[in-house]
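Below: one structure, written as structure tokens.
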Amino acid sequence: MDGLADPGACVKEYVLKPAVPAASSIDYKKELNEQQLEVVFAGPGPLLVIAGAGSGKTRTLTYRVARLLETGVPPSQILLLTFTNKASREMLHRVSTLIPGDERRITGGTFHHVGNLVLRRHAPLVGYQSNFTILDREDARELMDDLASRHRKDEAVKFPKGDVLLDIGSYARNTGIAPEKLISTKYPAFHEIKDLVVQTLRRYDARKRELNLMDFDDLLTLWHELLAKHPEVREAQNKLWRHVLVDEYQDTNRLQSEIVEQITGPDGNLMVVGDDSQSIYSFRGANFSNIIEFPKRHPKAKVYKLEINYRSVPEILTLSNNSIAHNERQFKKALRAVRPEGGRPEAVCAGDALEQARFVAQRIIDLKDEGFDLRDCAVLYRAHYHSMELQMELTRLQIPFQVRSGLRFFEQAHLKDVASYLKIAVNTKDELAWKRVLKLVPRVGKATAEKIWQMIEQDRSMSEIKASVPKGALRGWEDLWILVGRLRERTKTPAEMIRLVLDEGYETYLQTSFANFTARIEDLRRFADFALRYSDVEALLSELALTSGVAGKDALDTPDEEDSLILSSVHQAKGLEWRAVFVLWLVEGKFPDGRAIKEEGGEEEERRLFYVACTRAKDRLYLVYPTIADERYLMGVIQRPSRFLKELDKSSYEEATVSYGDPSSSSQEIPFDDRQDHPDPEY
DNA sequence: CGCGGAGACCTTTTT
DNA sequence: GGTCTCCGCG
3 MDGLADPGAC
13 VKEYVLKPAV
23 PAASSIDYKK
33 ELNEQQLEVV
43 FAGPGPLLVI
53 AGAGSGKTRT
63 LTYRVARLLE
73 TGVPPSQILL
83 LTFTNKASRE
93 MLHRVSTLIP
103 GDERRITGGT
113 FHHVGNLVLR
123 RHAPLVGYQS
133 NFTILDREDA
143 RELMDDLASR
153 HRKDEAVKFP
163 KGDVLLDIGS
173 YARNTGIAPE
183 KLISTKYPAF
193 HEIKDLVVQT
203 LRRYDARKRE
213 LNLMDFDDLL
223 TLWHELLAKH
233 PEVREAQNKL
243 WRHVLVDEYQ
253 DTNRLQSEIV
263 EQITGPDGNL
273 MVVGDDSQSI
283 YSFRGANFSN
293 IIEFPKRHPK
303 AKVYKLEINY
313 RSVPEILTLS
323 NNSIAHNERQ
333 FKKALRAVRP
343 EGGRPEAVCA
353 GDALEQARFV
363 AQRIIDLKDE
373 GFDLRDCAVL
383 YRAHYHSMEL
393 QMELTRLQIP
403 FQVRSGLRFF
413 EQAHLKDVAS
423 YLKIAVNTKD
433 ELAWKRVLKL
443 VPRVGKATAE
453 KIWQMIEQDR
463 SMSEIKASVP
473 KGALRGWEDL
483 WILVGRLRER
493 TKTPAEMIRL
503 VLDEGYETYL
513 QTSFANFTAR
523 IEDLRRFADF
533 ALRYSDVEAL
543 LSELALTSGV
553 AGKDALDTPD
563 EEDSLILSSV
573 HQAKGLEWRA
583 VFVLWLVEGK
593 FPDGRAIKEE
603 GGEEEERRLF
613 YVACTRAKDR
623 LYLVYPTIAD
633 ERYLMGVIQR
643 PSRFLKELDK
653 SSYEEATVSY
663 GDPSSSSQEI
673 PFDDRQDHPD
683 PEY
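The opening residue of the first sequence carries number 3 in my numbering; numbering runs sequentially from there.
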């Protein structure tokens, strides 16, 4: 009963609808160039495809899958691994439009999804119960912070926050570097309290096991351990997957590449696709050498390069190539454009944040007149908070937009509250969920919640617990207890359970506690709709944890989205494309990020990020740089334009400025090479 | 012991 | 501007 293809198991399966009835094969010639055809028709064995931006990577991969299916490979034996949910969903969608026949099923997903499925099957082998709960980032932080707070009080040295500790631990695990060593080299600030930090990380691991919780890294670490220590599991996986295909390979870390090699087996049919110039995830352990040394590890590997760019007009490509050429470490690729000339990218100087926002909004309205839909445009930035002014401006002008980063839908308090009720229904001893829910009861705070939790953990009777609950909180506690009892009956669907929580007090709580309660209730309705797709709560909850990183609209909305503008971090924009792209805040300290460039290789990674941003654009590219900082506590400081702008050939872009009708607030025209350098890159 | 107010401190990127 | 922490009141 090993393996993922077992029907009825919690395997993520997409049933493909017949798209092209009767068509027996796909017209590859029409859609692909010669190089791509070679890849699609390449025989079995290891394949490495190095492909530049806009070269039709995903399309090639998709057609390869189509081709495999045509040649009779059962869909259940094809595993398509991608880095992100979004990419995985999009690729599966593409495949589904290509393959005729309603019998086709394809298993695909992200590393974390597949890891989750494998571990649920074999959890006992790594010391877990199979009904473990997945910790999302915020839960993990809470757990870690709890452990760290002990040291924070009695240590003279500043003890890192939970978030920082998680990052250290996560990086250590994903790269295989010992935490002690990591702290000495990458986090020297904590050198003196090294032992304490390492000890806390260990306690965190122990605590997770106690509570039967796995965080995102466990899904990889334990999967890896499972394959390494249990040959029977490994062999079963080898047999299961006849073809393993990995997209965005440049972003895999050591654990992931080893897992891939393990489940594929020594002579398996592995195909990896990636672009080293777009490696932007080193902060989470992405390992550059995975892709560079692939031919070494697989001497029989066939290597293909895709160097034709179909996406962008030559001017945009010229600027992008010009920028990335400033990096030392890279495969040299000569990307060629096939599109006819369009127009040069523009470097736009705005006065301050507001002016920048107004420029973008204004320009988007104008683009509409030129025939661009809102969905043809995107605004990209380095960090979420860089889009605040723009969001306000767009709201003011009633331009519909979707933020694909920033506020994570499922991480909002009200959604986590409701999810906690469901978690308790699944696992009566879920400490984090209990404490969260308990604190919602009026007159119950940290201390009382702790007390009640202790008694629940020890299975004390209701009357015993009642005796220790303060008078003022008694009523609320009783209501909660009854509600939990009803949820635990497990006779309801997840959607009904959510309804029940709302009806039995949570809605009232929102109304009394928040001014924006209507919006919150609306969110929860959408959550309930989302839950309709799931028949059991466990599946819903693990999906929730794994997709919590996706901005809500993404996960909840049906495909018939309205025409709206996309706002996104550059990281999340990866693999996507738009006709017009705006990049905001191209100033020193923001893009490149002031902290990131202090790290080893940081500048080059930031430059790759800039490269990714620019190569998302098909027709128009606007690089915007305000000259006045907007931080409230640094009001009015002059900022320097980004080095990524300065270093470009002047011929690769056009210069532009923004001005108001109102002369007092209009920005002055200062070509950025003439501006004085400020000693601190933060400004 | 909960809770509200005052002040400190802060903001990378994500599965 | 927003969140977290600490402190003193009820």
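Ideal Cβ placement from N, Cα and C applies to all residues, glycine included.
Scanning the stretch 260-312 from its first residue to its last, the whole alpha helix (DSSP H) runs of 4-plus residues come out as 290-294 and 296-299. Taking a cut-off of 8 Å on C-beta distances, the stretch 43-63 does not touch the stretch 227-235, as fewer than three cross pairs fall below it.
Cβ atoms of L221 and H114 come within 8 Å of each other, at about 5 Å. Rounded to whole angstroms, the gap between the alpha carbons of A658 and Y65 is 42 Å. For A380, the enclosing beta strand (DSSP E) starts and ends at C379 to Y383.
Annotation: S186 to F192 spans about 8 Å, alpha carbon to alpha carbon. Beta-bridge analysis with DSSP links K334 to no other residue. By the Cβ rule, the stretch 486-494 does not count as touching the stretch 381-390, because fewer than three pairs are nearer than 8 Å. With fewer than three CB-CB distances shorter than 8 Å, the stretch 348-368 does not count as touching the stretch 602-619.
For the pair L119 and D249, the CB atoms are not nearer than the 8 Å cut-off. Around the C-beta of M464, fewer than 16 other C-beta atoms lie within 10 Å, and the residue is accordingly described as exposed. Short of 6 Å from the beta carbon of P594, and not among the five residues preceding or following it, lie these beta carbons of its own chain, in chain order: E608. Its Cα nearest to that of V246, the residue G270 stands out among G270, N255 and W225.
A residue is called buried when at least 16 other Cβ atoms come within 10 angstroms of its Cβ; T266 meets this threshold and is buried.
Between the stretch 316-329 and the stretch 289-299, the count of Cβ pairs shorter than 8 Å is below three; the stretches do not touch. DSSP, read as helix, strand or coil, puts V340 in coil. In this structure, the CA atom of R488 is about 38 Å from the CA atom of L167. Sequence-distant partners of E606 (beyond 5 residues in either direction) whose C-beta falls short of 8 Å from its own C-beta, in its chain, are N329, E330 and R331. An exposed status is given to S132, since fewer than 16 other beta-carbon atoms sit within 10 Å of its beta-carbon. Non-local C-beta neighbours of A530 in its own chain, meaning closer than 7 Å and more than five positions away in sequence, comprise A497, I500 and R501, ordered along the chain. The three-state reading of DSSP puts F134 in coil, since its state is none of H, G, I, E or B.
Taking a contact as a CB-CB distance under 8 Å, the pair Y306 and V42 does not count as one, their CB atoms being some 10 Å apart. The C-beta separation of Q252 from S281 comes to about 4 Å, placing the pair in contact by the 8 Å criterion.
As for any alpha helix (DSSP H) of minimum length 4 sitting wholly inside the stretch 530-601, the runs are 539-549, 554-558 and 572-575, ordered along the chain. For a cut-off of 8 Å, the C-beta gap from L625 to L588 is around 5 Å, short enough to register as a contact. Excluding its 5 nearest sequence neighbours in each direction, I136 has C-beta neighbours in its own chain below 6 Å: M216, S544 and A547, listed in chain order.
Relative to the Cα of T549, the nearest Cα in the group D651, D565, F532 and L213 belongs to F532.
As the crow flies, the alpha-carbon of S78 is around 8 Å from that of L242.
Here K210 is buried, its C-beta having at least 16 other C-beta atoms within 10 Å. Nearest in C-alpha terms to R204, of all of R645, R175 and D481, is R175.
Secondary-structure assignment with DSSP links H245 through a beta bridge to I80 and N271.
The continuous beta strand (DSSP E) containing Q404 extends over residues F403 to V405. Contact fails between the stretch 455-471 and the stretch 503-512, because fewer than three Cβ pairs, one in each stretch, are under 8 Å apart.
Spatial neighbours of N324 in its own chain (CB-CB distance under 7 Å, excluding positions within 5 residues in sequence) are listed in chain order as L650, D651 and S654. Counting of Cβ neighbours within 10 angstroms places I261 among the buried residues, the total reaching 16 or more.
In summary, D565 is exposed, with fewer than 16 beta-carbon neighbours lying within 10 Å of its beta-carbon over all protein chains present.
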